[in-house]
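Enquirer: Structure provided below as structure tokens; questions to follow.
There are 2 protein chains.
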Amino acid sequence: MYVIIVYDVGVERVNNVRKFLRQYMMWKQNSVFEGELTPAEYERVKKGIKEIVNKDLDFVIFYSVRDRKYLKVEEVGESKVETGNIL
Amino acid sequence: MYVIIVYDVGVERVNNVRKFLRQYMMWKQNSVFEGELTPAEYERVKKGIKEIVNKDLDFVIFYSVRDRKYLKVEEVGESKVETGNIL
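As you go down the protein sequences, you meet chains A and B in turn.
As numbered in the working numbering, the first sequence has no gaps in its residue numbers, which increase by one up to the final residue, 254.
As numbered in the working numbering, the second sequence has no gaps in its residue numbers, which increase by one up to the final residue, 254.
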């Protein structure tokens, strides 16, 4: 399955969210990760995120499609995040 | 079609992006809009965004599925954006 995660998370937790998500997915934009996950990985990612964030203060949306072929992606401009070695 | 737009746009342009997108879509998260669009509206939205943003400085991603049934959406926490009358 192909997954897009967007988050609005308190500054105290945002690095933990990023470090965690980078184990599984690609950092695309300041608050956006995307990537191909198995259903088991997806469950692990959701569980991990729920453990890191504060439900009362943060907001995370998980968008997923069963197969990437259902998703069209178009971009204007270029990614500003360093996908290399920021964290 | 169902469309998700995520953006990382300079502070001078971000209000214009939001004002523009709110004519067509739902403001879900700080830098995320989503909504059902006709293909013609989708083209209009992409064109409008290209006119507002600076390709060298900004980055906008358009994710779309032909039918919303292909997209699964799960949320942790709640939206922090006022969908009412901020702008």
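Note that CB positions come from ideal geometry on N, CA and C, so glycine has one too.
Please read these numbers as outputs of a predicted model, since none were measured by experiment.
Who are the near neighbours of arginine 235 of chain B in its chain, counting only those whose CB is closer than 7 Å to its CB and skipping five residues on each side?
Expert: If we look at arginine 235 of chain B and ignore the five residues flanking it on each side, its Cβ neighbours are Tyr169 and Glu203.
Enquirer: Give the secondary structure of leucine 238 of chain B by DSSP, where H, G and I count as helix, E and B as strand, and everything else as coil.
Expert: In this structure, leucine 238 of chain B counts as strand in the three-state DSSP scheme.
Enquirer: Applying a beta-carbon distance threshold of less than 8 Å, which residues of chain A neighbour glycine 202 of chain B?
Expert: Those do not exist, as glycine 202 of chain B stays about 13 Å from chain A at its closest Cβ, beyond 8 Å.
Enquirer: In chain A, what lies closer than 7 Å to asparagine 183 of chain B by C-beta?
Expert: None at all; the shortest Cβ gap to chain A is about 14 Å.
Enquirer: Assuming glutamate 203 of chain B is part of the alpha helix (DSSP H), what are its boundary residues?
Expert: Not the alpha helix (DSSP H): glutamate 203 of chain B falls in the beta strand (DSSP E), residues 199 to 203.
Enquirer: So which residues of chain A does valine 173 of chain B contact, with C-beta pairs closer than 7 Å?
Expert: Ordered by position in chain A, the residues that pass the 7 Å Cβ test against valine 173 of chain B are Val173, Gln196 and Val199.
Enquirer: For the alpha helix (DSSP H) that contains tyrosine 191 of chain A, what are its first and last residues?
Expert: Counting along the chain, tyrosine 191 of chain A falls outside any alpha helix (DSSP H), and DSSP gives it neither H nor E.
Enquirer: Are the C-beta atoms of lysine 186 of chain B and some chain A residue less than 8 Å apart?
Expert: With 8 Å as the cut-off, lysine 186 of chain B does not count as an interface residue toward chain A.
Enquirer: For glutamine 190 of chain A, does the count of other Cβ atoms within 10 angstroms reach 16, so buried, or fall short, so exposed?
Expert: With fewer than 16 Cβ atoms within 10 Å of its Cβ, glutamine 190 of chain A is classed as exposed.
Enquirer: Among the candidates B/Trp194, B/Asn197 and B/Ile228, whose CA atom is the shortest distance from the CA of lysine 239 of chain A?
Expert: The shortest Cα separation from lysine 239 of chain A among B/Trp194, B/Asn197 and B/Ile228 belongs to B/Ile228.
Enquirer: From A/Arg233, A/Val212 and A/Gln196, pick the residue whose C-alpha is nearest to that of glycine 244 of chain A; which is it?
Expert: Among A/Arg233, A/Val212 and A/Gln196, the Cα nearest to that of glycine 244 of chain A belongs to A/Gln196.
Enquirer: Closest Cβ-Cβ distance between lysine 214 of chain B and chain A: below 8 Å?
Expert: Taking Cβ atoms only, chain A never reaches closer than 8 Å to lysine 214 of chain B, which makes this a no.
Enquirer: Per DSSP, which residues does valine 173 of chain A bridge with? Please list them.
Expert: Per DSSP, A/Val199 and A/Ile228.
Enquirer: Could you check the C-alpha separation between valine 220 of chain A and asparagine 183 of chain A for me, to the nearest Å?
Expert: Valine 220 of chain A and asparagine 183 of chain A: Cα-Cα distance of roughly 9 Å.
Enquirer: What separation, rounded to the nearest whole angstrom, lies between the Cα atoms of lysine 214 of chain B and valine 181 of chain A?
Expert: About 32 Å.
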